[in-house]
Amino acid sequence: MNIEDVIKDRILVLDGAMGTMIQSYSLEEHDFRGSRFVNVPGIMKGNNDMLNIARPDIISDIHRRYLDAGADIITTNTFNSQVISQEDYHLQADAQEMAYEGARIARAMADKYSTQDKTRFVAGSVGPTNKTCSISPDADNPAARNITYDELFDAYSSQIDALIEGGVDAILIETIFDTLNAKAAIAAAVDTMDKSSCRLPIMLSVTINDLGGRTLSGQTLDAFLASISTFPIFSVGVNCSFGAGQMKPYVRDLARRSPYYISMHPNAGIPDSFGTYDDTPENMALEISELVDDEIVNIVGGCCGTTDAYISEIASVVKGHKPHIPAPPCNNLILSGLDRLELNNEVKFINVGERCNVSGSRKFLRLIKEKNYDEALNIARKQVADGALVIDVNMDDALLDASAEMTTFLNLIATEPDIAKVPVMIDSSNWDVIKAGLRCVQGKSIVNSISLKDGETKFVRRAIEAKKYGAAVIVMCFDEEGQATGYKRKIDIAARAYRLLVDKVKMSPYDIIFDPNVLTIGTGMPEHDNYAVDFIRATKWIRENLPGSHVCGGISNLSFSFRGNNYIREAMHAAFLYHAINNGLDLCIMNPSANITYSDILPEHLEIFEDVILNRRDGAADRLIGLAENIAGANALKQGTCDGKDKASVPEWRTGYVNSRLVYAMTKGISDYLNDDLTEAMEKYDKAIDIIEGPLLEGMNVVGERFASGKMFLPQVIKTARTMKKAVSVLRPYLEKSGSEQSRKSGKVLLATVKGDVHDIGKNIASLVLTCNNYDVVDLGVMVPADRIAKKAKEDNVDAVGLSGLITPSLEEMRNVVNELNKYDVRVPLLIGGAATNELYVAIKIAPIYKGPVVWVHDASQNPVYLSNLFNDEKKNRFIKDLNDKYMKLREEYENRNTCNNMSIDDARHNRLNLFD
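Take the sequence shown: its letters are residues 651 to 1567, numbered as in our numbering.
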């Protein structure tokens, strides 16, 4: 019996945390004598996957305990069993063996516990790695990435191949924080299974980064669902993130939209001040029971902090309850950037911004050739602001490296949340360029385009590739004979392509978008007169006869004969769109800032335009040419003007005082006006440093507060940090003139993820933010021993040290680092950050033993704010005193926590209110 059969009838129980259980075994160095890993750094903690080879007995025993507790599915100890994560341990060559042995151990235990009545299953755990495809680690280069899609794909392929060989029943891609990483893992799973002629369920589990319900890379859950919609997914869920109580609304939201089975494996609550999780097995099961009773879940288990005791309680709660019935598939075109876009009754038409196209915009081409990406991004930003729901990006020019430029520009877009929120249309006549673009987007994009011009084999192959990258496709009405110009050829090609895509590629019809070719009319050549009519007729036929499919057109071709006359062109487009949309056109590549609508056109002009578009009168083209020659354009509209130019108004925030403008610019990441505003500010401030420590840091402080409360997400924070860097760059001449230390660097900060911990996403973000704020960062990486941190801090004479830790054992390791810093007489400010840390732990366990000031940093954006206080002679002492007072109060409250008079449960029940006496 397989997992697909069982899940229809009952809720399945997943096991709990592997790492938490391993920590309970109190491993010592001598336990590894005779193992080839005996001298490997991190054998004692951090790299749990090594135990599959070095201590398989421990892993087998953990599986046994979870199976005894009632787990239906046990997960392999292979979260980091791929070359990327093992690079930090220099164990890349062993990664595949770890994956295989992890699967083999779990398989043996599952088989041992399986009975005729109850089969036990093995899910191969595939973690996200410690790198991200969607966020740059380089403050000076937002387009840079420390990992590529192809590198992830290869690493995942090797891992999943070993898991399959080891005998897993499903692939669990979990703790997803970047959807592009996840897409690489899913594609690797599909490809590997195809090669091995097997088909296993693919389970996905995402982790939420903030209270707004977004992933670390900024996507909403709805956008995430859209991004994975082309893949053969078995289940989708949420893990890690929060405790069960906090996780419930996100699981409900997934169940409402998702056509997949629903899973959840939350943490055992929120870690307390000492890294101990605060939720009991009984309470966690009680929270989960609400979703069980409401038939919201299909698979339930535990993540960080959970043990076999938790799984035993969960197994009792789910027993006998009905499983969730997945929602029906979305019968609409769904796309995504950071946010979701769906064609439905509310959004009936999608306008695709046309300006980021080197073939159609001379300005954009010039900017790309000049590598002036900031201005090029402004074009994309303006299109979104003007109402574009999708951005078309085309880099096809003979003098450009189109693949490189596509990669760079899409990576840059990913760093601009106000652009990245919308989906991307990747537009090229070169398939390699399209694939380069697809490797850069975490959202669900549109491929523009594929066609039958090179035959069915290549057409099918490219459609399959687009689907594996998670994209919808535009199908141009071309075939082996060339472009379809007439109605009959258009619909014949569309019908043929549709059948191939639906029947052979197994593509959802809602992901198929036809372009029946908008061709130029009004040329004076009779054979062109019916082009618009044929397009409109073909659109109507496609929508009525090819169920689920959509129609798109690039509208600028229509009026090409009248280039240079904005009024004529925009009015033609408006009239054409009116008729095309009414006949089923639901996407269009166009200028989103076009001024003229159908109702704006004067009746006498509209008649001429429609005569040409609908080809309903002889000599219509000549009349339109005459209109174009005679019209001045100034009075063409019923009201206003129609010169096609944007009438830019001054944004409201620009009308305030310079300080408020600078604060706003920092919080929004707007750098366009920095030169003017900072020049004006220098007239009001005595020193440039006062601007940095005044409105600029005030803005960064607002960013930190909003990020902490879930009102901003990570890409927005990174964007504001880069704006801060630009501001400091503008002020540098003033700083140098005044001789300020800020003319060089704000200070040198050493950063490290402590020994036993391989997670560096948060540390990399902190490094980027600090660099953008003019700090010199020394990054020691991950798994850094305490003595190396202290020695390097002393040798480099750093001004501050930052420690990061994601897992709870990191808390004790941070105390070891503090002891080493004291030994080397390092007394600089110590910044403590990471998911495992909290202020109370810092107050009780770290601050009292360190000889210098210690600051707990809630998120990366706050580092510069705290350091500016610590490095400022006037503010430093007061800041440290307030900090120490806060720590003292926290310690006192903690020591007094148990001094209140608590009564026993029996006494409380005896004293209960009796309403019936």
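Where is the CB? At the ideal position from N, CA and C, for every residue including glycine.
Here the structure is a predicted model, which is why all the values come from computation and not from measurement.
Option in L1312, R1465, L1520 and L1456 with minimal Cα separation from S891: The option with the nearest alpha carbon to S891 is L1456.
Taking Cβ to Cβ, would you say H1178 is nearer than 8 Å to D1236? With contacts defined by Cβ atoms closer than 8 Å, H1178 and D1236 do not form a contacting pair.
Limits of the unbroken beta strand (DSSP E) element including I1124: Its beta strand (DSSP E) spans residues A1122 to M1126.
Going by Cα to Cα distance, which pick from E1545, G1234, R1187 and L1208 is closest to N994? With distances taken between Cα atoms, N994 lies closest to G1234.
Three-state secondary structure (DSSP) at E815? Assignment of E815 by DSSP, reduced to helix, strand and coil, places it in the helix class.
Measuring straight from C-alpha to C-alpha, what distance separates M651 and D767? Using only the alpha carbons, I get a separation of about 10 Å.
Hey, could you find the ends of the alpha helix (DSSP H) I703 is sitting in? L701 to A704 is the extent of the alpha helix (DSSP H) around I703.
Using the rule of at least 16 other Cβ atoms within 10 Å of the residue's Cβ for burial, across every protein chain shown, is T808 buried or exposed? Per the sequence shown, residue 808 should be read as Ser rather than Thr. The Cβ neighbour count for S808, taken over all protein chains shown within 10 Å, is at least 16; the residue is labelled buried.
Sequence-distant residues of the same chain with beta carbon closer than 7 Å to T1317, five excluded per side: Closer than 7 Å at the Cβ level, and outside the excluded window around T1317, lie G1349, V1352, V1353 and T1370.
Taking C-alpha atoms, which residue in V968, E932 and R715 lies nearest to V947? Nearest option by C-alpha distance: V968.
Short check: CB of A1416 to CB of L1430, under 8 Å? Not a contact, by the Cβ cut-off of 8 Å.
Looking at the secondary structure, which residues open and close the alpha helix (DSSP H) in which P882 lies? Counted as a single uninterrupted DSSP element, the stretch harbouring P882 is not any alpha helix (DSSP H), since DSSP gives it neither H nor E.
Would you report the Cα separation of A841 and G816, rounded to the nearest angstrom? Just to set this straight, residue 841 is Asp in the shown sequence, not Ala. Between D841 and G816, the C-alpha separation is close to 17 Å.
Using a Cβ-Cβ cutoff of less than 7 Å, which residues in the same chain neighbour Y1544 once the five nearest sequence positions on both sides are dropped? So the list reads L1490 and I1494, once near-sequence residues are dropped.
Helix, strand or coil: how does DSSP classify L1196 here? Secondary structure at L1196: coil, using DSSP grouped into helix, strand and coil.
Hey, quick one: how far does the beta strand (DSSP E) through E992 stretch, first residue to last? Segment R990 to E992, the beta strand (DSSP E) holding E992.
Applying the criterion that 16 or more other CB atoms from any shown protein chain within 10 Å of the CB defines a buried residue, is D738 buried or exposed? Burial call: buried.
Since T926 and F874 are thought to touch, with beta carbons under 8 Å apart, how far apart are those beta carbons, to the nearest angstrom? In fact, because the Cβ distance is near 31 Å, the residues do not count as touching under 8 Å.
Where F827 falls: helix, strand or coil (DSSP): The answer is coil: DSSP assigns F827 none of H, G, I, E or B.
With distances taken Cα to Cα, identify the nearest neighbour of G1037 among Y1537, N1241 and K1442. Here the closest residue by C-alpha is N1241.
How long is the line joining the alpha carbons of A1278 and L1049, rounded to whole angstroms? C-alpha separation (whole angstroms): 35 Å.
According to DSSP, which residues form a beta bridge with G1643? Nothing can be reported for residue 1643, as the shown portion of the chain is limited to 651 through 1567.
With DSSP as the reference, identify every bridge partner of D1426, one or two as the case may be. Assignment of beta-bridge partners to D1426 by DSSP yields K1398.
Name the two residues that bound the continuous alpha helix (DSSP H) containing S1310. Note, S1310: alpha helix (DSSP H), V1308 to K1318.
Selection from Y763, S1454, I1258 and Y1474 that minimises the alpha carbon distance to D1509: The candidate whose alpha carbon is nearest that of D1509 is S1454.
Tell me whether the beta-carbon of I810 lies closer than 8 Å to the beta-carbon of L854. No, these two residues do not count as a Cβ contact at 8 Å.
Burial state of N981, where buried means 16 or more other Cβ atoms lie within 10 Å: Classification of N981: exposed, given that the 10 Å Cβ count is below 16.
Take E1194 and list the residues in its own chain whose beta-carbon comes closer than 6 Å to its own, dropping the five residues that flank it on each side. Cβ neighbours of E1194 beyond the five flanking positions: none.
According to the neighbour-count rule (16 or more other Cβ atoms, all chains shown, within 10 Å of its Cβ), is K1288 buried or exposed? Legend: pLDDT at K1288 = 39, less than 50; position of this residue unreliable, no value from coordinates given.
In this structure, how does DSSP classify M1464 when only helix, strand and coil are distinguished? Helix.
Simplified DSSP assignment, three categories, for R1005: Three-state result, R1005: strand.
Three-state secondary structure (DSSP) of F1185: Shown here, F1185 sits in a helix according to DSSP, grouped into three states.
If P1570 sits next to L1418, beta carbons under 8 Å apart, how far is it from one beta carbon to the other, in whole angstroms? Outside the modelled stretch of the chain, which goes from 651 to 1567, sits residue 1570, for which no answer is possible.
Since C1238 sits in a beta bridge, which residues does DSSP pair it with? DSSP lists N1001 and G1203 as partners of C1238.
Any idea if C1292 is buried or exposed, counting beta-carbon neighbours within 10 angstroms, 16 or more meaning buried? Bear in mind that the predicted position of C1292 carries a pLDDT of just 41, short of 50, making it unreliable; the figure below should be weighed with that in mind. A buried status is given to C1292, since no fewer than 16 other beta-carbon atoms sit within 10 Å of its beta-carbon.
Contacts around E1343, its chain only, beta-carbon distance under 8 Å, and the 5 residues preceding and following it disregarded: The answer, listed in chain order, is S1518 and N1522.
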